[in-house]
Each structure stands twice: as structure tokens, then as C-alpha cells.
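In our numbering, the protein residues as written are 579 to 854.
Cβ atoms here follow ideal geometry from the backbone N, Cα and C, with glycine treated the same way.
Report on one structure; see the data block that follows.
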Amino acid sequence: MSTRVLGLVRASHPEPAAAVTVVAALLAAGVGHSAAGVVAVALTVLASQLAVGWSNDLIDADRDAAVGRTDKPVTTGEVTRPTLARATAVAAVAVPVLALAGGPAAAACATLGLVSALLYNRPLKSTPVSVLPYAVSFGALPAFVVLALPGSPVPPAWLVAAAALLGAGAHFANVLPDLADDARTGVRGLPHRFGPVGSRLAAAGLLLAATVALVLGPPGPPSWTGLSAVAAAVAVPAVGWYAGRATAGRSATAFRAVLVVALIDVVLLVTSGRLV
């Protein structure tokens, strides 16, 4: 594999891109898509993730160079900016084309999620509304998956709301490890204005709200598994905060605790497909 191709793979943010694509495919299977439908959903989401990842590295190239990010292919010369720009354009155009397999409503929803994420990369990343694109794009994901079903059924409000809350919480959690580097380069999104402590609290609170929505939103009484998930969403961040205070790694411990709750929410989101 050539250096350029490897650079493109690395610049795509492959881990989150793969994770979101797998979550979308599992949710598609859960809500009743055929095998072909699952593939169409997965390809659409993958194209969207590639466009967002590549545009992120393209836009942040100067900032990444300023802070010495040697893990970024564009700063090490593995891939050039024009190559990233072309790849971003191709992936972005592919999203609505692929999404049309599920109908115009699904295509519009997938495009909304993509545009929202691209607007986060520029110009909303350094504004007080930086959390908004995360909420919109995450909320659009299950909406797209449901709308892509035959007949384009209306997505349940609780499912979209839960995904939006999960996205907002993920924004605060995702920024935590980069607060220092961001401060050096002038990035001032909402988490930066909240600070480390405020961002951890916001992440934990939003993820707890997402858990509650996923457990109490579907019709019928909540299961014991769901109630246990809510209890975990309350207890895990508290335990992480307490454990972090007893060690030198308070921020890292609290961050890991928030990630545990996010993982619980992702599992609940994927398994909620059978309730739609």
C-alpha cells in the first residue's frame, strides 16, 4: 500500500469512522433493514465519516503543525492538502448519492448530518455553539437509518433525542484530552469555556440524560437491564471522580468514566432498534 493511501487512511480518523459505521450498520439491522439496506446505510455513513475526518485534518493542518502533531499525516507529509481536499469532495458528494437508495427523506437527513459535521470543522468549532453540530449530526444518524426503511417511517422522537444527547455529551468528552493544545492555538468552543471540570460534569449529565431517554423512551415499562444502565450512568462518573481525586490522574480517570457511560449508551442505542 502506498504512502499516500496509508496517509489518507490515517487522516480519515479511522477508529471513530469505523466505530460509527459499525454502530449504524447494527442499528440498521436492528430496525429491520434487509442485507442490502444495511450495506447501503453502512456505505453512506462511512462516506460521511470519511468526508468529515479528511476535512478536519485539512482545516486543522496549520494548527496541528503549530503544536507538533506528528500523528497527523498532513503535517508529516504523508498526504498533501490538495489530495485531502479532493478526497473530501468525493466523499461528500457520495453521501447523498448513496443515501438515495433509502429515498429522498433519508438522503436529506444524511446530508443534514454531513453538513452539520462539516460546519463544526469550520466555523463552529471555536464558538459557543460548538456543541450544536454534534447534537444535530448524532441525532440525524438514527433518523436516517429509520427513514431509509421501506415507506420512510417517522423516526421515534425518543430515539433521535437520545442520539442528540449522546452526541452533545461526546463533544464534551472528546475535547477533554485536547484542552491544553486547543488553548495554545486559540480554539474556544463551548467545552473550553466550561473548563475541564465543567466539561466533565456536562459530559456526564448529557450522557445520563441520553441513558434515561433510551431506557424510558420506548413504549412499555423499562427493563431491569435498562434501569441498571441508568444506575450505572449515575454511579460510574461519581466513582471515577472520587478515584481520580485519590490519584494524580484525576482528569484521565474521570475521562475514562465518562467513556464507560458513553459505551453503555451506544449499546442501548444499537439494541433499541428492535423497539422502533
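For residue i, which residues of its own chain have a beta-carbon under 7 angstroms away from its beta-carbon, when the five flanking residues on both sides are left out?
| i | result |
| --- | --- |
| A684 | A677, F722, L725, A726, S730 |
| S715 | G691, S694, A695, G745 |
| L697 | P711 |
| V790 | V808 |
| V616 | A603, A606, A607 |
| L794 | P800 |
If you draw a straight line from the alpha carbon of residue i to that of residue j, how long is it in whole angstroms?
| i | j | result |
| --- | --- | --- |
| R641 | A596 | 25 angstroms |
| S580 | T654 | 15 angstroms |
| V787 | V657 | What sits at residue 787 in the sequence shown is Ala, not Val. Distance between the alpha carbons of A787 and V657: 40 angstroms. |
| L792 | T849 | 10 angstroms |
| P594 | L805 | 28 angstroms |
| S612 | V619 | 10 angstroms |
| P592 | P728 | 31 angstroms |
| R647 | T803 | 42 angstroms |
| L604 | V645 | 37 angstroms |
| G680 | L584 | 32 angstroms |
| S708 | D843 | 22 angstroms |
| L636 | V671 | 17 angstroms |
| R762 | R834 | 24 angstroms |
| F772 | A713 | 17 angstroms |
| G663 | D649 | Looking at the sequence provided, one finds Ala at residue 663 rather than Gly. Taking the straight line joining both Cα atoms gives about 19 angstroms. |
| A735 | D756 | 33 angstroms |
| V587 | G783 | 34 angstroms |
| S801 | P733 | 22 angstroms |
| V675 | A816 | 45 angstroms |
Do residue i and residue j have their C-beta atoms within less than 8 angstroms of each other?
| i | j | result |
| --- | --- | --- |
| R582 | T661 | yes |
| L785 | L744 | yes |
| P651 | A589 | yes |
| E836 | A758 | First, the amino acid is wrong: residue 836 is Val here, not Glu. Against a cut-off of 8 angstroms, the Cβ pair of A758 and V836 comes out as no contact. |
| A840 | G747 | yes |
| V838 | V814 | yes |
| L719 | A606 | no |
| S633 | T666 | yes |
| A639 | R659 | yes |
| T669 | L628 | The question names Thr, but residue 669 in the sequence shown is Ala. Taking 8 angstroms as the Cβ cut-off, A669 and L628 qualify as a contacting pair. |
Within its chain, find whatever has a CB closer than 6 angstroms to the CB of residue i; leave out the 5 residues flanking it on each side and keep chain order.
| i | result |
| --- | --- |
| A688 | T622, V673, A677, F722 |
| L624 | T599 |
| V630 | A695 |
| G717 | V738, A741, A742 |
| F699 | According to the sequence shown, residue 699 is Asn rather than Phe. Result list for N699: S633, N634, I637, in chain order. |
Near residue i, which residues of its chain fall below 8 angstroms by C-beta distance, leaving aside the five closest residues on each side in sequence?
| i | result |
| --- | --- |
| G798 | none |
Would you say residue i touches the ligand SAH, meaning its beta carbon is less than 7 angstroms from a heavy atom?
| i | result |
| --- | --- |
| F750 | This structure lacks the ligand SAH; in fact it carries no ligand of any kind. |
Exercise for review: Flag this pair as touching only if the segment 767 to 775 and the segment 690 to 710 have three or more C-beta atom pairs under 8 angstroms; answer yes or no.
Suggested key: yes
Practice item. Tell me the start and end of each unbroken alpha helix (DSSP H) in the segment 720 to 805 that is at least 4 residues and wholly inside, in chain order. Key: 735 to 753, 757 to 762, 768 to 794
Exercise for review: State whether the segment 801 to 819 contacts the segment 736 to 755, with contact taken as three or more CB pairs (one from each stretch) at a distance under 8 angstroms.
Suggested key: no
Practice item. Run through the segment 605 to 662 for me and flag every whole alpha helix (DSSP H) of 4 or more residues, listed as ranges in chain order. Key: 613 to 637, 639 to 644, 651 to 654
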